[in-house]
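Novice: First residue of the sequence shown: -11, per my numbering; consecutive thereafter.
One structure, as structure tokens, below. Some questions next.
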Amino acid sequence: MTTITTPLPGGTGKLGDLAVSRFGYGAMQLAGPWVMGPPADRDAAIAVLREAVELGITHIDTSDAYGPRITNSIIREALHPYPKSLHIVTKVGANRDAQGGWPTARRPEDLRRQVQENLQALGLERLDLVNLRLGNADGPVPGPITESFEALVELQKEGLVQHLGVSNATAEQVAEAITIAPIVCVQNMYNLAFRHDDELIDMLAREGIAYVPFFPLGGFSPLQSDALSAIASRLDATPMSVALAWLLQRSPNILLIPGTSSAAHLRENAAGAGLSLSTGDVAELDKIGR
Ligand SMILES: NC(=O)c1ccc[n+]([C@@H]2O[C@H](COP(=O)([O-])OP(=O)(O)OC[C@H]3O[C@@H](n4cnc5c(N)ncnc54)[C@H](OP(=O)(O)O)[C@@H]3O)[C@@H](O)[C@H]2O)c1
């Protein structure tokens, strides 16, 4: 693994043999409202991505379903040719419909098409890491994943994909994937107030597999909790900073991909995630999600 040094809070983490800043960036908010269509200000979206790289972020999460095709085109315009240290992670397994829904698309031919679309949109010959997105917009749905995951393994063997992961997955689906091929990350919903994956995170940490929480700030409705606000105000920090710092301190295999369409929020989050929480603060924060 190439080592990198980063000025960002949390230091360096790993996605398999790829070294990344533990403070990464989730690009979903760069598309239009509800992740459909173009953003109101494309130049501002480009500026956010360039700011991310300038801050030292080397892990950007995306999907060609964002927009659809909008977010990847903005990433390409902002950052191509990409710095060698930058790792763009994408996901496949869903299409978009005209109403903004996320219909499942996980047949082998769907996955091949989506990998090819991501390669083309991002201007890459190989994707660093592709997550198989499971479940639906309401969360994970139990059921076998072998046919879909094997299809991605085939694309990996063809050299189109370097590493694999799963997203929106149950613990059983994570286990199923691992019996088929190595995975380097699990990307599931998790934050201070939503802690269904506590056991899974600890198991993945023991296996050296990254856990990448999506909606780290609560997603479309950012986290709101009187207890969080009280602790934040006592620490003279924002609730968002406390939520990110708590995640970084929760487990060393956690990699952050907070989303924002604002360069000011990006800078604020990158600085705030470095907040040092005492054992007492963490114990109090732990009560929010339990
Ligand atoms: N695998 C999956 O199925 C899946 C699903 C959802 C998301 N994801 C990934 O996870 C990433 C993160 O999720 P997310 O972006 O939806 O949610 P998030 O990171 O939990 O929160 C983003 C929201 O927080 C706001 N925000 C960010 N910083 C803020 C600050 N300092 N002060 C106030 N508000 C702030 C943003 O608004 P502003 O734009 O105004 O800052 C945005 O509304 C996505 O970008 C995507 O890459 C994956």
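Positions of the beta carbon are idealized from the N, C-alpha and C atoms, including for glycine.
Closer than 8 Å is the cut-off here; do at least three beta carbon pairs connect the segment 74 to 82 with the segment -4 to 10?
Specialist: yes
Novice: Taking the alpha helix (DSSP H) that T134 belongs to, which residues open and close that run?
Specialist: Residue range T134 to K145 is occupied by the alpha helix (DSSP H) that includes T134.
Novice: Distance, Cα to Cα, S239 vs E160?
Specialist: E160 has its alpha-carbon roughly 21 Å from the corresponding atom of S239.
Novice: Is it the case that the segment 12 to 23 contacts the segment 226 to 240, given that we only count it when at least three CB pairs across the two stretches are under 8 Å?
Specialist: no
Novice: I need the DSSP call for R121, collapsed to helix, strand or coil.
Specialist: In this structure, R121 counts as strand in the three-state DSSP scheme.
Novice: Going by the C-beta, is P21 closer than 6 Å to any heavy atom of ligand 1?
Specialist: no
Novice: Taking the alpha-carbon positions, what's the N83 to R114 distance?
Specialist: When rounded, the distance between both Cα atoms is 21 Å.
Novice: For H151, count the other beta carbons within 10 Å of its own beta carbon; 16 or more makes it buried, fewer makes it exposed. Which is it?
Specialist: buried
Novice: Is L110 near ligand 1, in the sense that its beta carbon is under 6 Å from a heavy atom of that ligand?
Specialist: Flag unset: Cβ of L110 not near ligand 1.
Novice: What did DSSP end up calling N83 once you bin it into helix, strand or coil?
Specialist: coil
Novice: Taking just the CA atoms, how far does E135 sit from P210?
Specialist: 36 Å
Novice: Under DSSP, the alpha helix (DSSP H) around H253 begins and ends at which residues?
Specialist: A251 to G260
Novice: Helix, strand or coil for G44, going by three-state DSSP, please let me know.
Specialist: coil
Novice: Excluding the five sequence neighbours on either side, which residues of its own chain have a C-beta within less than 6 Å of the C-beta of S51, listed in chain order?
Specialist: T78 and K79
Novice: Report yes if the CB atom of A233 is closer than 7 Å to the CB atom of A261, and no otherwise.
Specialist: yes
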